Amino acid sequence: MSEETRSDLYAGLAAVGPYGVHPGHALITMVEPHPGHEYAYNRWYEEDHYYAGAMAMPWMYAGRRWVATRDLQLLRHPEKSAIAQPVTVGCYLSTYWITEGRHADHMRWTVAINKRLNRDARVHHARTHVFTAFQDHEATVYRDGAAGPRDFHALDHPYAGLVLQVVDAESPQRRAALLEWLRDRHLPRRLRNSPAALVTVFRPVPLPGDRMTYVKQVEGVDTRLTLLWFLEADPRDCWEEHFSDLDVPRELGRTELVAPFIPTVPGTDRYVDRLR
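Written as structure tokens, this is what we have:
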């Protein structure tokens, strides 16, 4: 190659630092392509950005895209959401796992590569970031104990659906109590005999000051928790029984979004004609 790639640095970088498989951090990003740009956005994301802007980066070791067709969007609640206005906005969700202890290393790379992609006209601007945040892992709760896929398998295992739930504690001081209630009481009970095999719980962290300007700073970093419910069934087949009433006690906080998704089919435009 004609470009200087500084290959001599890679051996030194690989020899130090954490390199486990635990998803210590995540990137969770819900995006709305602008009307009329749905096909172009989907092709750009699948054919370029998913790889060059995500999976090719150091320490981002698993990823999956999800989509909410119009019928799935209409299942969302609450109607008045601090996340999405209106609550139906944000039809694509991308989820990525980052190796525990490597958030800072990954961020140095991701800021730099996205600046380069933008400079090289490889960023699709006809989109709105509805909910985009890097997050730190707080807990994973399993329905079947030690049996079944672990959280580090979750983005590769062929789950049939995912429910994104975002909750806000009443105050920063109450977030620990909310997390304890979710982890020790609520999630084990709700998972029992449900179509969800596991739930991961994350808390958002601020984006760096030198982030791209089209991504707004993360809100609720002191109060918010993000839950990902991984489903073995299509969410439409189990919504009323298992997810239509997902909430938290008023004294602990408020549910700001409960949104079902199904996985995209890589390399296709399946579902793009069913977004509106």
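Note that the working numbering has the sequence shown beginning at 12, numbered continuously upward.
The beta-carbon is built from N, C-alpha and C at its ideal position, and this holds for glycine as well.
Here the structure is a predicted model, which means the values were calculated and not measured.
Check: Is the beta carbon of residue 39 less than 9 angstroms from the beta carbon of residue 268?; Outcome: no
Check: Rounded to whole angstroms, what's the CA-CA distance from residue 133 to residue 48? Just pull it up for me.; Outcome: 15 angstroms
Check: Just confirm the distance between the C-beta atoms of residue 43 and residue 100, as a whole number of angstroms; I'd bet it's less than 8 angstroms.; Outcome: 5 angstroms
Check: Apart from the five residues on each side of it in sequence, which residues of its chain come closer than 6 angstroms, Cβ to Cβ, to residue 26?; Outcome: none
Check: Can you give the Cα-Cα distance for residue 274 and residue 173, rounded to whole angstroms?; Outcome: 8 angstroms
Check: Applying the criterion that 16 or more other CB atoms from any shown protein chain within 10 Å of the CB defines a buried residue, is residue 138 buried or exposed?; Outcome: buried
Check: Run through DSSP, which three-state label would residue 190 get?; Outcome: helix
Check: From residue 37 to residue 197, what does the alpha carbon distance come to, in whole angstroms?; Outcome: 23 angstroms
Check: Identify the residues that DSSP records as bridge partners of residue 71: which are they?; Outcome: 109
Check: So what's residue 179 in DSSP terms, helix, strand or just coil?; Outcome: strand
Check: For the beta strand (DSSP E) containing residue 35, name the first residue and the last one.; Outcome: 34 to 44
Check: In the DSSP assignment, find the unbroken beta strand (DSSP E) run with residue 150 in it and report its ends.; Outcome: 138 to 153
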